[in-house]
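Below is one structure, written out as structure tokens, with a few remarks after it.
2 protein chains.
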Amino acid sequence: MPSQPTIRDVAKKAGVGIGTVSRVLNNSPKVTPATRQAVLEAISALGFRPNSVARALPRKSRIHNLGVITQPFTSFYPFAQRLRGVQFALRELDAEYEVVLYNVSSLPHYEERLRTIVRTGAVDGLIIIDLDLFDEQKQMLRDANLPFVGINHFQDRDWPCVGTNNYEGGYLATRHLIDLGHRDIAYLGDLFVDLYEFNTSYERYSGFQRAMREHNLSVPEEYVRLGFHDYQIAKEQAADLFALPKPPTAVFVMSDNQAFGCLAAAREAGLRVPQDVSIIGYDDLEISLHVNLTTVHQHLELSGRMALEYLLQVLKGEDAVVPSLPPLEITRRGTTGPVSPGRKKR
Amino acid sequence: MPSQPTIRDVAKKAGVGIGTVSRVLNNSPKVTPATRQAVLEAISALGFRPNSVARALPRKSRIHNLGVITQPFTSFYPFAQRLRGVQFALRELDAEYEVVLYNVSSLPHYEERLRTIVRTGAVDGLIIIDLDLFDEQKQMLRDANLPFVGINHFQDRDWPCVGTNNYEGGYLATRHLIDLGHRDIAYLGDLFVDLYEFNTSYERYSGFQRAMREHNLSVPEEYVRLGFHDYQIAKEQAADLFALPKPPTAVFVMSDNQAFGCLAAAREAGLRVPQDVSIIGYDDLEISLHVNLTTVHQHLELSGRMALEYLLQVLKGEDAVVPSLPPLEITRRGTTGPVSPGRKKR
DNA sequence: TTGAGGAATGGAACCGCTTCCATACCATAA
DNA sequence: TTATGGTATGGAAGCGGTTCCATTCCTCAA
Chain A
192 MPSQPTIRDV AKKAGVGIGT VSRVLNNSPK VTPATRQAVL EAISALGFRP
242 NSVARALPRK SRIHNLGVIT QPFTSFYPFA QRLRGVQFAL RELDAEYEVV
292 LYNVSSLPHY EERLRTIVRT GAVDGLIIID LDLFDEQKQM LRDANLPFVG
342 INHFQDRDWP CVGTNNYEGG YLATRHLIDL GHRDIAYLGD LFVDLYEFNT
392 SYERYSGFQR AMREHNLSVP EEYVRLGFHD YQIAKEQAAD LFALPKPPTA
442 VFVMSDNQAF GCLAAAREAG LRVPQDVSII GYDDLEISLH VNLTTVHQHL
492 ELSGRMALEY LLQVLKGEDA VVPSLPPLEI TRRGTTGPVS PGRKKR
Chain B
192 MPSQPTIRDV AKKAGVGIGT VSRVLNNSPK VTPATRQAVL EAISALGFRP
242 NSVARALPRK SRIHNLGVIT QPFTSFYPFA QRLRGVQFAL RELDAEYEVV
292 LYNVSSLPHY EERLRTIVRT GAVDGLIIID LDLFDEQKQM LRDANLPFVG
342 INHFQDRDWP CVGTNNYEGG YLATRHLIDL GHRDIAYLGD LFVDLYEFNT
392 SYERYSGFQR AMREHNLSVP EEYVRLGFHD YQIAKEQAAD LFALPKPPTA
442 VFVMSDNQAF GCLAAAREAG LRVPQDVSII GYDDLEISLH VNLTTVHQHL
492 ELSGRMALEY LLQVLKGEDA VVPSLPPLEI TRRGTTGPVS PGRKKR
């Protein structure tokens with residue numbers, strides 16, 4: 192018997208009926224101790240383990256699963272806060288759903304994963320975080336009648352997304368620095384197109400560029416530093432920036448994680464923050480409060496909550512519209528300040 | 192038809208057989224466009240959504256689920272790093288399991304959740320993080336033949352745990368401070384018994400006490416500060432500590448999260464770290480590197496990985512033993528240093 | 001001794017899908 | 001016209017459990 196033994200195998204082995212085995216499995220009181228004993232022995236002799244799927248089938252109230260699919264996460268990836276929003280809302284609303292977490296490590300992996308999810312019907316709804324949905328996949332999900340919602344930066348996609356506006360955020364962050372009197376502002380961020388064909392960095396950079404242009408400020412080529420999203424890499428890039436003959440007086444870093452690297456580079460270069468250099472991040476991670484980082488607040492937890500609420504409505508069969516997040520805002524803390532006169536170069 | 196329509200309802204409505212409906216659902220090519228169209232219309236007219244459970248049942252290769260059950264998490268809760276260890280290992284080993292995440296918000300909730308998991312057979316294995324398992328539950332899991340493993344601080348429990356030794360960790364941290372010349376050392380941590388009847392804080396405190404005793408150092412009552420695990424609360428407690436007539440020259444804080452609060456309090460009190468006061472945390476979160484915090488490294492990610500590997504072996508039917516984590520070690524960074532002579536009070 | 005009632009037990013029916021075999025249908029070739 | 005073969009389709013069987021009804025077996029009272 193190479194495959195998993197079933198309840199019938201157990202029944203045969205124990206010399207009882209399948210009903211009795213089921214009763215033992217479910218701790219029904221109406222089983223003789225002796226019988227129970229025999230069944231338990233058969234179970235462990237065969238290494239029987241009930242098939243969870245078959246078990247769930249006859250139940251009136253289904254167990255519902257919600258899939259959350261995203262890139263592999265590190266503690267700095269804002270994902271954790273979004274997921275928390277989902278979980279908290281789930282609890283508050285007392286929704287009978289469990290969260291199944293899917294991490295995909297590449298685009299092909301992502302597409303394959305979606306296909307599997309649809310094929311196996313593993314979940315009843317899907318929250319797609321920081322990933323795009325391509326036409327083929329979208330159609331597949333629709334055909335399968337599987338409700339889904341994204342959390343990302345799309346505001347006008349033809350699929351439901353709780354979206355944030357990176358362009359606006361980049362603009363706001365840069366305006367903040369300009370308003371403080373800075374003129375020599377650098378941009379530090381991810382490569383413009385990441386592994387998942389997301390262009391978050393480019394969008395934030397575009398907002399940065401727009402703000403600079405509006406104020407007739409130029410951005411020397413060496414003030415734009417792009418690299419893989421990583422603390423250490425950001426730190427190195429920032430060190431290069433600070434070693435320039437004419438270093439910037441402020442840096443807009445496209446993520447808090449990278450801003451931490453930038454902060455460390457400033458410290459090592461002997462620069463005081465914000466007296467010598469202002470640094471603004473993007474995300475407003477919880478930890479950023481403790482690091483006292485000025486940053487762009489993008490309602491991470493709220494985005495998870497909103498996505499969940501929308502999905503729940505759809506699942507209930509209600510007509511739902513994707514809610515809009517409140518506007519982005521700057522969380523002012525200690526890493527940005529007015530340009531210091533003694534340091535001003537022009 | 193109040194309950195969910197089934198594939199038979201769809202078939203009847205579309206005037207086709209159930210096989211055809213199934214074929215449409217599964218994108219089989221051998222369906223006439225006209226037929227497909229009719230079926231799709233019936234599907235959306237009825238609001239039909241395939242039952243994921245029933246769908247999964249007939250498949251040869253089951254979808255396997257691993258449950259991860261833990262307390263609700265914040266970004267500082269070391270849980271995230273543990274979960275990452277699990278996910279990474281899962282990917283590396285190419286294991287066909289998905290992770291189902293359960294957050295429980297109280298002890299009764301936890302017990303009920305376990306019962307539900309067993310009853311519904313929702314998962315094939317369970318990783319229990321930072322929660323104890325009581326006799327009744329343990330028996331229940333065993334009866335159900337549901338393999339489980341814990342990640343926590345138990346080293347000699349009668350159930351498999353990847354355990355860490357808090358007592359040892361507290362001792363090490365304190366020794367580190369004593370070796371640097373500190374004599375007036377405070378303890379800042381959680382209440383001794385938390386919501387889940389875990390006594391992590393007490394264990395670490397006991398290690399602290401032992402180290403102090405071994406060196407004939409006394410701990411004044413006001414040097415022991417306990418409070419709910421929270422940045423803000425820790426910050427307030429630390430502020431009280433620094434406002435004492437004779438403040439400590441070093442603080443052992445039982446978690447990095449609380450250590451961040453302590454650091455902030457020191458900053459606000461105008462104390463330089465480590466010149467005026469040394470601070471050591473516990474956990475070694477990723478972020479702690481960036482904050483340059485000296486702390487106790489407890490192999491968080493590795494613990495997730497080990498628990499997973501063990502569970503996978505058990506699921507394969509192999510005889511497995513729970514692996515031991517490598518010894519705890521101090522990660523020395525910038526927040527601890529020798530006691531500064533100018534400040535020494537005795 | 002007999003009948004009634006309760007408890008343990010066996011197993012058919014069923015949960016909602018997929019799969020596969022048999023059938024019906026159509027087009028083409030002879 | 002008939003034979004052939006390929007394709008779309010219907011629906012029975014089956015996935016591995018739970019549930020419930022019928023049956024058997026006891027025990028106890030009359």
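Just so you know, the sequences run in chain order A and B. For the first sequence, our numbering begins at 192 and goes up steadily by one. For the second sequence, our numbering begins at 192 and goes up steadily by one. Note that the Cβ used here is the ideal one computed from N, Cα and C, for glycine as well.
In whole angstroms, what separates the C-alpha of residue i from that of residue j?
i: Ile597(B); j: Thr485(B); result: Limits of chain B in this structure are 192 at one end and 537 at the other, which puts residue 597(B) out of reach.
i: Thr211(B); j: Ala202(B); result: 8 Å
i: Leu317(B); j: Leu216(B); result: 33 Å
i: Ser538(B); j: Gly354(B); result: Missing from the structure shown is residue 538(B); chain B here goes from 192 to 537 and no further.
i: Phe383(B); j: Ala335(B); result: 34 Å
i: Gln272(A); j: Ala229(B); result: 43 Å
i: Arg306(A); j: Leu337(A); result: 12 Å
i: Pro299(A); j: Asp474(B); result: 35 Å
i: Pro529(B); j: Ser296(B); result: 42 Å
i: Phe433(A); j: Ala313(B); result: 54 Å
i: Gly525(A); j: Gly276(B); result: 34 Å
i: Gln346(B); j: Glu388(B); result: 17 Å
i: Gln400(A); j: Ser219(B); result: 50 Å
i: Ile209(B); j: His488(B); result: 59 Å
i: Ile319(B); j: Gln262(B); result: 10 Å
i: Asp349(A); j: Leu322(B); result: 44 Å
i: Lys536(B); j: Arg404(B); result: Confidence at Lys536(B) is low in this model, with a pLDDT of 43, below 50, so the placement of that residue should be treated as unreliable; the coordinate-derived value is given next. Rounded to the nearest angstrom, the two C-alpha atoms are 20 Å apart.
i: Ile234(A); j: Ala247(A); result: 20 Å
From the DSSP output, in three-state form, read off residue i for me.
i: Tyr387(A); result: coil
i: His420(B); result: coil
i: His406(B); result: coil
i: Leu368(A); result: helix
i: Gln415(A); result: The sequence as given places Val at residue 415(A); Gln does not occur at that position. In the structure shown, Val415(A) sits in a strand (DSSP, three-state: E or B).
i: Phe399(B); result: helix
i: Asp154(B); result: The question about residue 154(B) has no answer, for chain B in this structure spans 192 to 537.
i: Ser469(A); result: strand
i: Thr226(B); result: helix
i: Phe443(A); result: strand
i: Ala511(B); result: coil
i: Ala455(A); result: helix
i: Gly360(B); result: helix
i: Ala377(B); result: strand
i: Thr433(A); result: Checking the sequence shown, residue 433(A) turns out to be Phe, not Thr. Here Phe433(A) sits in helix by DSSP.
i: Thr307(A); result: helix
i: Arg250(B); result: coil
i: Lys221(B); result: coil
i: Phe239(B); result: coil
i: Ser213(A); result: helix
Beta-carbon separation of residue i and residue j under 8 Å?
i: Arg523(B); j: Met445(B); result: no
i: Asn356(B); j: His367(B); result: no
i: Gly472(B); j: Gly508(A); result: no
i: Val259(B); j: Val309(B); result: no
i: Gln449(A); j: Leu363(A); result: no
i: Val482(A); j: Phe443(A); result: no
i: Leu284(A); j: Leu516(A); result: no
i: Ser409(A); j: Gly361(A); result: no
i: Phe270(A); j: Arg496(A); result: no
i: Leu257(A); j: Asp315(A); result: yes
i: Pro351(A); j: Val513(A); result: yes
i: Gly418(A); j: Ala425(A); result: yes
Can you name the residues that DSSP bridges to residue i?
i: Ile342(B); result: Ile320(B) and Val353(B)
i: Asp474(A); result: His488(A)
i: Val290(A); result: Leu257(A) and Leu292(B)
i: Thr522(A); result: Thr486(A)
Does the Cβ of residue i lie closer than 7 Å to at least one heavy atom of the ligand GDP?
i: Pro436(A); result: With respect to the ligand GDP, the structure offers nothing, as it holds no ligand at all.
Validate contact between the stretch 436-455 of chain A and the stretch 372-384 of chain A using beta carbons, cut 8 Å, 3 pairs: By the C-beta criterion, the stretch 436-455 of chain A is judged to be in contact with the stretch 372-384 of chain A, since at least 3 inter-stretch pairs fall below 8 Å.
The stretch 319-333 of chain A contacting the stretch 448-459 of chain A, beta-carbon criterion three pairs below 8 Å: The stretch 319-333 of chain A vs the stretch 448-459 of chain A: no contact.
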